[in-house]
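Below: the structure, in structure tokens.
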Amino acid sequence: MMHNRDLVAYIKPVSSRFSQAERVELLDLTGQITDIEANRFRLTIRFEALAGIFRMYLRTRAGAFDMATASIDMVRAPDGKRVPLGPWDLDHIHNVMALPMARVFVNGALKGGLWFGMPGPEEIAAGRLFADLGFEAINGQNELILELVERDRDRMGWDRIEFAEMRLDDRRCVALSPQSEERPRLFVTRQQAAERAELWSGRPEFQLLRASLLQEKLVLLTDNSQGTLSLAMIYYAITGDVEVGQRARAAVMELASAPTWSGRPDPLLMGGENDKGFRYASSILHSPGSIWARC
Numbered sequence: 008m009m010h011n012r013d014l015v016a017y018i019k020p021v022s023s024r025f026s027q028a029e030r031v032e033l034l035d036l037t038g039q040i041t042d043i044e045a046n047r048f049r050l051t052i053r054f055e056a057l058a059g060i061f062r063m064y065l066r067t068r069a070g071a072f073d074m075a076t077a078s079i080d081m082v083r084a085p086d087g088k089r090v091p092l093g094p095w096d097l098d099h100i101h102n103v104m105a106l107p108m109a110r111v112f113v114n115g116a117l118k119g120g121l122w123f124g125m126p127g128p129e130e131i132a133a134g135r136l137f138a139d140l141g142f143e144a145i146n147g148q149n150e151l152i153l154e155l156v157e158r159d160r161d162r163m164g165w166d167r168i169e170f171a172e173m174r175l176d177d178r179r180c181v182a183l184s185p186q187s188e189e190r191p192r193l194f195v196t197r198q199q200a201a202e203r204a205e206l207w208s209g210r211p212e213f214q215l216l217r218a219s220l221l222q223e224k225l226v227l228l229t230d231n232s233q234g235t236l237s238l239a240m241i242y243y244a245i246t247g248d249v250e251v252g253q254r255a256r257a258a259v260m261e262l263a264s265a266p267t268w269s270g271r272p273d274p275l276l277m278g279g280e281n282d283k284g285f286r287y288a289s290s291i292l293h294s295p296g297s298i299w300a301r302c
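So this is what it looks like as structure tokens:
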């Protein structure tokens, strides 16, 4: 009992004479969640909760997944014969995920992509997949939706689930703050930024940097660029230059509304591009911090 104090739901498939053709019947055996809707490609769970972080683990039944669909044809040496090799998590040839993926919506907002974990020898032999995910709930009514991406719906479905469990997570959000006022470890203070701006403002290299940020296209750091957008935001955070700040904000808004930043065929590709807003806020906007309000 102590081991399962954090258990919120234990969901299993059930059979029913009243089931519709496209409907998947799932039941929470703990009785805590009663509103579960599912078909082959979309799973919706609605539940009451206190605000907090939750984790979920799900596993398919044995034989539910054809590992050959996650393999890539390779040329074998020395005979030159093409043979399937895999399974892979990422299809490096076509630059898409080799394992199935699902979009994750929490309370109506797309939070990212769930991809099934890389199977080990036992899972490969059994034809079984598993997946882990975490999400943050609010006080009151919550809705979690897992929607398989279109290209994976022929080889995966929520009717293949053996079980899914939801648990409370003991992690919590902690504010990042400097260790002291005199020597911050994570951030510079506003006063220090102003001092740097005053020190550098008269230097020709700094003026040349400003000119380039006002003329060049501001792009996110990728394999083929130097991340001029990040540089523009840091420049604005230090100097408060309105023109540079406005250009940076316009570029951020353009990225936030784009269907996918990379232009790759899979918008949920592993590597952090599965959630435009969250990834950008967490990995890029931490440097200038308040760019939204200041420009």
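Position one of the sequence shown corresponds to residue 8 (the working numbering), numbered consecutively onward.
The C-beta atom is built at its ideal place from N, Cα and C for all residues, glycine as well.
Computed from a prediction, not measured in an experiment: that's the story for all the values here.
Inter-residue Cα distance where the pair is residue i and residue j
i	j	result
aspartate 35	alanine 16	6 Å
glycine 115	aspartate 86	53 Å
alanine 201	serine 184	19 Å
glutamate 261	leucine 225	11 Å
valine 249	methionine 240	11 Å
lysine 19	cysteine 180	31 Å
glutamine 198	asparagine 11	50 Å
asparagine 146	arginine 30	29 Å
alanine 257	glutamate 223	13 Å
phenylalanine 72	isoleucine 100	21 Å
leucine 206	leucine 216	15 Å
leucine 153	proline 211	53 Å
isoleucine 43	methionine 125	27 Å
alanine 84	glutamate 129	27 Å
Reference residue i, options the options, closest by Cα
i	options	result
glutamate 55	Leu155, Arg66 and Asn149	Asn149
glutamate 32	Ala84, Asn46, Asp98 and Gly127	Asn46
arginine 167	Gln39, Asn11, Arg49 and Gly38	Arg49
valine 90	Glu250, Ala75 and Asp98	Ala75
lysine 118	Glu143, Val82, Leu221 and Val103	Glu143
leucine 136	Asp96, Phe112 and Glu212	Asp96
serine 237	Val259, Gly93, Asp80 and Met81	Val259
arginine 162	His99, Ser22 and Ala105	Ala105
aspartate 98	Arg110, Lys88, Ile79 and Phe112	Ile79
alanine 69	Gln39, Leu57, Ile131 and Lys88	Ile131
Beta-carbon proximity list for residue i, same chain, < 7 Å, skipping 5 on both sides
i	result
methionine 173	Val15, Ala16, Phe61 and Met63
aspartate 13	Arg174 and Leu175
glycine 323	Because the chain is modelled from 8 through 302, residue 323 falls outside the range shown and cannot be assessed.
methionine 8	With a pLDDT of only 43 at methionine 8, under the threshold of 50, the placement of this residue in the model should not be trusted; the figure read from the coordinates follows. Contacts found: none.
leucine 151	Ile52, Val113 and Phe142
isoleucine 245	Ala200, Arg203 and Ala204
glycine 278	For glycine 278, the pLDDT reaches just 46, beneath the cut-off of 50, and the residue's location in the model is therefore unreliable, although a value from the coordinates is still provided. Answer for glycine 278: no residue qualifies.
alanine 138	Leu65, Leu121, Phe123 and Gly124
Residue range of the beta strand (DSSP E) that includes residue i
i	result
alanine 144	137 to 144
threonine 235	It is not in any beta strand (DSSP E) - threonine 235 instead sits in the alpha helix (DSSP H) that spans 235 to 246.
glutamate 169	168 to 175
arginine 53	49 to 56
glutamine 148	147 to 155
threonine 67	59 to 67
glutamate 44	42 to 45
proline 85	Where proline 85 is concerned, there is no enclosing beta strand (DSSP E), given that its DSSP letter is neither H nor E.
proline 20	14 to 20
glutamine 33	In the sequence under discussion, the amino acid at residue 33 is leucine, which differs from the glutamine named in the question. 33 to 35 is the span of the beta strand (DSSP E), which, as asked, contains leucine 33.
leucine 183	Note, leucine 183: premise wrong, no beta strand (DSSP E); not H, not E.
tryptophan 122	116 to 122
valine 113	108 to 113
leucine 92	89 to 92
Close beta carbons around residue i, own chain, < 8 Å, minus the five adjacent residues each side
i	result
methionine 108	Gly120, Leu121, Trp122, Phe123, Leu155, Val156, Asp159, Asp273 and Leu275
aspartate 177	Asp13
serine 22	Glu32
threonine 41	Asp35
alanine 88	Checking the sequence shown, residue 88 turns out to be lysine, not alanine. Correct list, in chain order: Val82.
Own chain, CB closer than 6 Å to residue i, minus 5 neighbours either side, in chain order
i	result
arginine 247	Note that residue 247 is glycine in the sequence shown here, rather than arginine. Within the same chain, glycine 247 has no close Cβ partners at all.
histidine 293	The predicted model places histidine 293 with a pLDDT of 44, which falls under 50 and marks its position as unreliable; any figure quoted below should be read in that light. Result list for histidine 293: empty, nothing under 6 Å.
proline 94	Met74, Ala77 and Ser78
methionine 81	Leu92
Residue i, enclosing alpha helix (DSSP H) - first and last residue
i	result
proline 128	128 to 133
alanine 204	197 to 207
phenylalanine 213	211 to 222
Rounded Cβ spacing between residue i and residue j (contact assumed at less than 8 Å)
i	j	result
leucine 65	alanine 171	4 Å
glutamate 169	threonine 67	6 Å
leucine 220	threonine 235	7 Å
valine 111	leucine 140	6 Å
Distance cut-off 7 Å: residue i Cβ against heavy atoms of the ligand NAD
i	result
glutamate 202	Among the components modelled here there is no ligand, and therefore nothing to report on the ligand NAD.
Chain C contact for residue i (CB, 8 Å cutoff)
i	result
asparagine 46	Within the model displayed, chain C is absent; a lone protein chain is all it includes.
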